[in-house]
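Just so you know, the sequence shown maps onto residues 9 to 378 in the numbering used here. To start, the structure itself, in structure tokens.
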Amino acid sequence: MRTRLTLFFGIFALMALSNAIVPVLASYGSASSMHGMIYAAYFLGAFVTTLPAGIFSDRLGRIPLIRCGLLITVASGLFLAVNHDPFLVFAARFIEGIGAGFFVAATMSYVNSDPDHLRMSGWLMASMNAGLVAGLVVSGWLAVILSLPASGILLFASLSIIPAMAAFFIHEPEIPATAYPVGTVGWFIKEFRWLWYSALILIGITGVVTSVYPKYSGAPSDVLGLWIAGMSMATIAAVLICSRTSFPPVPTIRWVAILMGIAAIITYYTAAGFLLIGALAGVVMIAQMAFLARVPRYQGVLMGLFSTTSYLGMALLPVIAGFIAGSMGFFVAFMSLAVAAVTVAATIGFCSCTPTNPGEPGRVAPGNEQ
């Protein structure tokens, strides 16, 4: 129980800190492209570390990586709180993302290896999105009340010290190190490539609307915080419900992709679209993790790949959408999200390993023999 509380509170604090900058992005220069780059730097840092962290968690254990990730988060968060230069902020966000990559990959591997992984993943995702909500709402509110954009960042960087200290008092059962056959990572990348693509696009869409909407709407930071927080609240409700039900992952991902495209267009016209995008993101994350949990081994590398592609989407899509919005307008940017979502619906069925028989490296799943 102590370990679970540390992980859940840790991911709450980490996500709150990562989102605390969103309501005040407009204070870091006037260009949409710069806002997108600052927002995406965090996810770029996480992208480059989640796969190595997943591999190391299989070989060395998860707790050391959890501790390292939390310490990096605290240090980078405190640095962010006292610096306002856009380029220093970009660098600090990148380092903060590195810490998140260590922590998230190891934590997700721990959760998805648990016999009660479906319920645990629901609580993990709920804690994650509760942190996103707190970061948005509290940071936006403090920025207005105190007229200090970094006040929310300072608050959540300080709160992150608690799980960082608690992590030194938790342990995991002794588990044998996982030896990877040659080509294991490449095998999983190839066989599950359309699942990774679905994570990149569908999770990336949530990052786009979060980073683009402040400039598009021109709303004050406290209102922006409430709008975007609604997306995370919808995700919390969705993951808690879906983690208690059983559903076929691939058809679920396909329908979510179709609805996500519609939701992206709705968001262009009304902020109510955030609720639909948030709920759909919750459903698809549980479906993707349930798919991967069917593989009995290699949860470290699988969760590393899942986190890597998710963070790549959060890093890449906001930057692309920011440049599209700046050059061709916001309508084209939102429409591009709808088109990307449709490509997921069209390709997810090509995933060569089915959720009922995911296969293992070196073994071809029945029905896929050449």
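Just so you know, even glycine gets a beta-carbon here, dropped at the ideal spot from N, CA and C. None of the values given here were measured: they were computed from a predicted structure.
Spatially closest choice to residue i from the options, by CA coordinates
i    : options                   : result
G130 : L144, V112 and V291       : V291
A2   : S35, F282 and F16         : The first residue shown for the chain is 9 and the last is 378, placing residue 2 beyond what the model contains.
G191 : R127, S155, S251 and V309 : V309
G44  : I103, V217, I161 and A108 : V217
S251 : N120, A100, Y47 and A21   : N120
M42  : F331, I266 and L345       : F331
M241 : L156, V352, V141 and R67  : V141
V56  : T351, A349, V352 and M322 : M322
R67  : L345, A329, L203 and R305 : R305
G194 : L313, A271 and L73        : L313
S318 : Y277, A280, V352 and W204 : W204
Bounding residues of the alpha helix (DSSP H) (the contiguous stretch that carries residue i)
i    : result
F358 : From DSSP, F358 is part of no alpha helix (DSSP H); its letter is neither H nor E.
R262 : P257 to Y277
E199 : T192 to E199
P94  : P94 to N120
M297 : G281 to A301
P172 : Sequence inspection shows Ala at residue 172; the Pro mentioned does not correspond to that position. Where A172 is concerned, the enclosing alpha helix (DSSP H) stretches over I169 to A174.
F36  : In the sequence as displayed, the identity of residue 36 is Tyr instead of Phe. That residue, Y36, is in no alpha helix (DSSP H); it is neither H nor E in DSSP.
P72  : I71 to A89
V332 : The sequence shown places Ile at residue 332, rather than the Val named in the question. It spans Q307 to M336 - the alpha helix (DSSP H) in which I332 sits, taken as one unbroken run.
S26  : R10 to N27
Contact under 8 Å by Cβ, residue i with residue j
i    : j    : result
A138 : P31  : no
S225 : P326 : no
L208 : L320 : yes
I19  : S135 : yes
R302 : I178 : no
P228 : T14  : no
M239 : I285 : yes
M311 : M173 : no
I161 : L88  : yes
L232 : G148 : yes
G212 : L324 : yes
F299 : P257 : yes
I106 : G53  : yes
A108 : L22  : yes
G69  : E199 : no
L345 : V264 : no
Buried or exposed (CB count within 10 angstroms, at least 16 for buried), residue i
i    : result
V145 : buried
V372 : With a pLDDT of only 40 at V372, under the threshold of 50, the placement of this residue in the model should not be trusted, and no figure is reported.
T275 : buried
N376 : With a pLDDT of 37 at N376, under the threshold of 50, the modelled position of this residue cannot be trusted; read the value that follows with caution. Exposed, since its Cβ has fewer than 16 Cβ neighbours within 10 Å.
V347 : exposed
G370 : The pLDDT assigned to G370 is 46, lower than 50, so where the model puts this residue is not dependable; a value taken from the coordinates is nonetheless given after this. G370 should be labelled exposed.
I261 : buried
T214 : buried
T243 : buried
Interface flag, residue i vs chain B, CB-CB below 8 Å
i    : result
M297 : No chain B appears in this structure, which consists of one protein chain only.
Is the segment 337-356 close to the segment 88-105, with three or more CB pairs under 8 Å?
-> no
Using 8 Å as the threshold, is the segment 10-26 in touch with the segment 74-91, meaning 3 or more CB pairs across them?
-> yes
If we count Cβ pairs, one from each stretch, closer than 8 Å, do we get three or more for the segment 60-77 versus the segment 102-117?
-> Contact between the segment 60-77 and the segment 102-117 is present, because at least three Cβ pairs lie under 8 Å.
Segment contact flag, the segment 68-77 with the segment 348-360, C-beta cutoff 8 Å, min 3 pairs = Output reads no: the segment 348-360 does not touch the segment 68-77.
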